[in-house]
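A short worksheet on the structure shown next.
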Amino acid sequence: MESSLSDEALMLAATGGDLAAFEQLVLRHQESAWRTAYRMVGCRREAEDLAQEAFLRVFEARDRYRPTAAFRTYLYRIVVRLCLDHLRKRRPLATDGLAPVDSQLSAEQQAAESEQAQAVREAIACLPANQRTAIVLRYYEGLSGRETAEAMDSSVKAVERLLARARKTLEVRLGDFFRD
Amino acid sequence: MRCGDAQSKLDRFVAHELTSAERAQVGAHLESCAACRRALAKFRRLQGILADAPAPPIPGGFADRVVARARTQQAAAARSKRGPRFEQSAWKTIHFSAARAAALAAGLLLGLLMGRDTWRASAGPQAVAAAQQTDVLAAAGLESLVESGGDSLAHSYIRLTLVGER
Ligand SMILES: [Zn+2]
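As you go down the protein sequences, you meet chains A and B in turn.
Just so we're aligned, residue 16 is where the first sequence starts under the numbering used here, counting upward by one.
Just so we're aligned, residue 56 is where the second sequence starts under the numbering used here, counting upward by one.
The structure is reproduced here in structure tokens:
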């Protein structure tokens, strides 16, 4: 059953212990939470763990939720924070610039992925984590500049700069695909 | 406007998120700068290339797994909140209410006495009673009832992530 309630109203219902309301929120936002985590860490198993953890944090903190910002941005913020923490722990010596490997991607799946898609995935994975975050939120999740800044705990100007730098790197790395 | 500034604004220029003043500035710069026009064309091309790399689908049963974990968490929280002492019998609850009422009365009395400045001799036990009330509330996990309002999202979030560092 699909609820017509707003995210914020569902969140308030969840605060009262309504698990069905929480489930609606999960169903509504699972794709974006999972996609974001996947693009951030590049591994499906880890992405599932992180996206699940993000929803559970939302649930744990439901009593303290105040609908002062869109739930969507609130959730992205938690996902991003968890992913960045995870990446920091995974690579304590070099957080950035190392392509994560998708250990869950089978040979057939890799073969099915177009050469271009694979190159894009690798190029994004090689970006510093904060540039990658900006690219994912802005160009894949379609957040506005302001929402991206909120989700990243940053300013619109800083996000602009991150994106400009990331675009330069991607244009170089993906140069082959620019000649059409 | 310098090229660097114009190029970092391209992103919001394309998304129509700039103020009309900023938009006019970037527009004017683009008209006079071939390098930035090339950058704009590259940016549009990059958007197409990025869009062509879809993420794999979400694993099946994701929502069910999340909700199951939330249910477990909720049950565990309910168990620890009730606590063994308060589960024993109904009279405990009554006793608890009575204790609160008594403590409250003591607090009021204390206030009155303090107002009259004649509290010195009798403050001891009443101050203890008032302090005990706070402890009882804390022990029952009822601090949330007296938690101050006006929490901002940012504060909730910060606390949320701090709590999460396990
Ligand atoms: Zn220029």
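Where is the CB? At the ideal position from N, CA and C, for every residue including glycine.
Just so you know, these numbers come straight off a predicted model, no measurement behind them.
Residue-chain proximity (residue i, chain B), Cβ-Cβ < 8 Å
| i | result |
| --- | --- |
| residue 146 (chain A) | no |
| residue 31 (chain A) | no |
| residue 142 (chain A) | no |
| residue 135 (chain A) | yes |
| residue 169 (chain A) | no |
| residue 87 (chain A) | no |
| residue 160 (chain A) | yes |
| residue 91 (chain A) | no |
| residue 173 (chain A) | no |
| residue 42 (chain A) | yes |
| residue 28 (chain A) | no |
Top-ranked residue by Cα proximity to residue i, from the options
| i | options | result |
| --- | --- | --- |
| residue 63 (chain A) | B:84, B:111, B:106 and B:100 | B:111 |
| residue 157 (chain A) | B:136, B:77, B:83 and B:106 | B:106 |
| residue 135 (chain A) | B:101, B:116, B:77 and B:80 | B:101 |
| residue 129 (chain B) | A:60, A:148 and A:71 | A:71 |
| residue 77 (chain A) | B:116, B:73, B:132 and B:115 | B:132 |
| residue 87 (chain A) | A:55, A:128 and A:45 | A:45 |
| residue 160 (chain A) | B:126, B:61 and B:73 | B:73 |
| residue 95 (chain B) | B:126, B:58, B:125 and B:123 | B:58 |
| residue 177 (chain A) | A:191, A:100, A:194 and A:152 | A:152 |
| residue 100 (chain A) | A:145, A:192, A:154 and A:184 | A:145 |
| residue 56 (chain A) | A:98, A:69 and A:83 | A:98 |
| residue 167 (chain A) | A:105, A:150, A:182 and A:74 | A:150 |
| residue 130 (chain A) | B:136, B:126, B:116 and B:104 | B:104 |
| residue 51 (chain A) | A:32, A:140, A:169 and A:170 | A:140 |
| residue 36 (chain A) | B:79, B:122, B:115 and B:84 | B:122 |
| residue 142 (chain A) | A:61, A:179, A:171 and A:128 | A:179 |
Cβ pair residue i, residue j closer than 8 Å
| i | j | result |
| --- | --- | --- |
| residue 95 (chain A) | residue 48 (chain A) | no |
| residue 138 (chain A) | residue 102 (chain A) | no |
| residue 22 (chain A) | residue 40 (chain A) | yes |
| residue 148 (chain A) | residue 80 (chain A) | no |
| residue 184 (chain A) | residue 174 (chain A) | no |
| residue 54 (chain A) | residue 165 (chain A) | no |
| residue 98 (chain B) | residue 81 (chain B) | no |
| residue 91 (chain B) | residue 61 (chain B) | yes |
| residue 19 (chain A) | residue 25 (chain A) | no |
Check: residue i C-beta below 7 Å from any heavy atom of ligand 1
| i | result |
| --- | --- |
| residue 90 (chain B) | yes |
| residue 61 (chain B) | yes |
| residue 84 (chain B) | yes |
| residue 58 (chain B) | yes |
Beta carbon proximity, residue i to chain A, threshold 8 Å
| i | result |
| --- | --- |
| residue 68 (chain B) | no |
| residue 80 (chain B) | no |
| residue 63 (chain B) | yes |
| residue 76 (chain B) | no |
| residue 130 (chain B) | no |
| residue 215 (chain B) | Any reading at residue 215 (chain B) is ruled out, since the residue's pLDDT is 46, under 50, leaving its predicted position unreliable. |
| residue 93 (chain B) | no |
Residue i beta carbon near ligand 2 (any heavy atom closer than 7 Å)
| i | result |
| --- | --- |
| residue 74 (chain A) | What this structure holds is ligand 1, not ligand 2. |
Any C-beta of chain E under 8 Å from that of residue i
| i | result |
| --- | --- |
| residue 100 (chain B) | Of the protein chains in the structure, A and B, none is chain E. |
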